[in-house]
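S.K.:
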Amino acid sequence: MPKQIIGTLLVILLSGGMISCSVTPKTENQKISRLVNDNKTFLVDVRTPEEYNAEKIEGAVNIPLDQIESRLSEFRGKKNIVIYCRSGIRAGKAKDLLQKNNIPDVYSGTSYQNVSELKKNKTKN
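When you line the sequence shown up against our numbering, it's residues 75 to 199, in that order.
1) In this structure, what does DSSP give as the bridge partners for residue 107?
2) Just to confirm the assignment, what range does the alpha helix (DSSP H) spanning residue 170 have?
3) For residue 158, write down the residues that DSSP places opposite it in a beta bridge.
4) With a CB to CB cut of under 8 Å and the five nearest residues on each side skipped, what residues in its chain are close to residue 103?
5) Just to check, is the beta-carbon of residue 148 closer than 6 Å to a non-hydrogen atom of the ligand GTP?
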């Protein structure tokens, strides 16, 4: 009997954890979608200039990851900064770097593909 209770509690706890994990990214992506489609958002592509020139998102500015620190002044005073790259790795690094330099309201849009899709689907969200 105690094993059944422990097993049931374990299933409930694990299920609750999975539910909260699945809700958070969707909620975050909805917020990113709103920001990406707001003309006041500072949309930054941290890919290389070559990657940026191959495919770009309207309204985005290209500031490669390796130039972030030397171009911090371009971020100061901006509200709602959304950063993206090819896969999301450089975007995460850029977000961390900006936050360490006391630049608030920075969000990772993760990948070019994600931000591009959110921009295309702006009327659906």
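Glycine included, C-beta positions come from ideal geometry on N, C-alpha and C. Source: prediction; values computed, not measured.
M.R.: Result, derived from the coordinates:
1) Residue 107 is not bridged to any residue.
2) 163 to 174
3) 119, 184
4) 188, 192
5) The ligand GTP is absent from the structure shown, which contains no ligands of any kind.
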